[in-house]
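Scroll down for the structure; my scribbles are underneath it.
Numbering (our numbering), first residue to last: 7 to 275.
Below is the structure:
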């Protein structure tokens with residue numbers, strides 16, 4: 007008798023402050039989850055399309071994108087494309103996505119476009135995780151992502167203004183929870199660009215752990231040149247250099263995410 011499909015967990019990877027490792031985390035966490043046996047869909051919801059580029063999908067090959075899904079032209083199940091990585095699929099993005107807010111105007115359920123589209127994914131049961139790489143701003147794309155999500159996954163750079171950006175994000179989560187998605191929660195916070203030689207990194211880490219407690223993952227992502235180099239080759243760092251510190255950190259993070267999710271399901275049972 008075949009195994010029943012795992013429940014699908016939808017996570018918005020979000021931070022309204024740019025340059026915190028959000029897209030890098032989306033690419034490499036998705037890759038690492040696939041590497042530990044999960045079926046993963048990465049949705050590139052940023053018009054810059056950096057997650058698509060970082061997974062080796064050039065712009066000329068993005069025939070169908072998230073834009074087509076949100077505009078109702080293509081079912082989401084037909085928009086997903088295989089990446090070079092077994093277990094990891096992608097819904098790509100390009101510059102057309104920046105026009106969604108204007109084109110949808112005041113149409114009904116415009117904040118629920120992605121959530122409505124994703125019902126097909128839940129029925130199909132093909133994925134255990136869906137990761138949505140959000141733009142670094144509060145706009146209709148971010149609202150759609152959070153409305154469609156079970157939880158928000160927050161990459162947080164270990165630098166001075168990190169907590170200020172996190173405060174803005176919490177306001178956004180509260181706004182979406184209050185008006186569009188009452189079940190939305192914070193999945194967790196992962197510390198990125200951590201430099202053990204820098205006392206500021208350690209101070210930020212302590213402050214975040216004090217404020218968010220066990221919502222902060224034990225795994226930290228170090229500042230690592232191989233992580234920075236990998237996107238220019240159109241590869242996740244786990245493919246570019248599996249043995250580097252960044253790759254090993256993302257594999258550890260994936261195992262921690264899966265472990266926490268297992269505990270969450272047991273507690274809810």
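We treat Cβ as the ideally placed atom computed from N, Cα and C, and that holds for glycine.
Source: prediction; values computed, not measured.
Continuous alpha helix (DSSP H) stretch holding residue i: start and end
i, result
"residue 16", "Careful: residue 16 lies outside any alpha helix (DSSP H), inside the beta strand (DSSP E) at 15-19."
"residue 275", "Residue 275 -> no alpha helix (DSSP H), and no H or E assigned at all."
"residue 154", "146-154"
"residue 41", "28-41"
Euclidean distance between Cα positions of residue i and residue j
i, j, result
"residue 227", "residue 207", "11 Å"
"residue 249", "residue 243", "9 Å"
"residue 199", "residue 127", "33 Å"
"residue 240", "residue 141", "20 Å"
"residue 57", "residue 255", "19 Å"
"residue 154", "residue 214", "27 Å"
"residue 95", "residue 175", "27 Å"
"residue 113", "residue 51", "20 Å"
"residue 18", "residue 156", "8 Å"
"residue 78", "residue 257", "36 Å"
"residue 205", "residue 163", "14 Å"
"residue 182", "residue 144", "11 Å"
"residue 173", "residue 184", "17 Å"
"residue 247", "residue 236", "8 Å"
"residue 203", "residue 33", "26 Å"
"residue 192", "residue 269", "15 Å"
"residue 230", "residue 253", "9 Å"
"residue 245", "residue 75", "29 Å"
"residue 91", "residue 131", "19 Å"
"residue 73", "residue 81", "11 Å"
"residue 238", "residue 221", "32 Å"
"residue 68", "residue 165", "35 Å"
"residue 110", "residue 43", "38 Å"
"residue 129", "residue 212", "42 Å"
Nearest-angstrom beta carbon gap, residue j and residue i [assumed within contact, 8 Å]
i, j, result
"residue 120", "residue 151", "6 Å"
"residue 149", "residue 99", "At roughly 16 Å, the Cβ-Cβ gap does not stay under 8 Å, so residue 149 and residue 99 are not in contact."
"residue 167", "residue 195", "Not really, about 15 Å apart at Cβ, beyond 8 Å."
"residue 71", "residue 139", "Not a contact, Cβ separation roughly 13 Å."
"residue 158", "residue 20", "5 Å"
"residue 179", "residue 169", "The pair is not a contact, with the Cβ atoms about 15 Å apart (cut-off 8 Å)."
"residue 124", "residue 16", "7 Å"
"residue 106", "residue 147", "6 Å"
"residue 135", "residue 39", "5 Å"
"residue 59", "residue 161", "That pair is no contact at about 18 Å."
"residue 171", "residue 22", "6 Å"
"residue 61", "residue 89", "5 Å"
Close beta carbons around residue i, own chain, < 8 Å, minus the five adjacent residues each side
i, result
"residue 115", "122"
"residue 104", "53"
"residue 225", "196, 255, 258, 259, 262"
"residue 86", "47, 95, 96, 97"
"residue 13", "134, 271"
"residue 84", "70"
"residue 267", "15"
Sequence-distant residues of its chain with Cβ nearer than 7 Å to residue i (five each side left out)
i, result
"residue 8", "Confidence is the limiting factor: at residue 8 the pLDDT is only 45, short of 50, which leaves the residue's position unreliable and the question unanswerable from this model."
"residue 187", "152, 153"
"residue 36", "46, 48, 94, 137"
"residue 233", "30, 243, 252"
Residue i, enclosing beta strand (DSSP E) - first and last residue
i, result
"residue 63", "Run containing residue 63: none; DSSP gives neither H nor E here."
"residue 22", "Unbroken run through residue 22: none, as it is neither H nor E."
"residue 50", "46-50"
"residue 159", "157-163"
Spatial neighbours of residue i in its chain, beta-carbon cut-off 6 Å, leaving aside the 5 residues before and after
i, result
"residue 55", "99, 100"
"residue 201", "207, 229"
Every unbroken beta strand (DSSP E) inside the stretch 176-259 [3 residues or more]: 191-200, 222-228
task: Report the residue ranges of all beta strand (DSSP E) runs contained in full by the stretch 55-136; include only those spanning at least 3 residues, in chain order.
output: 94-97
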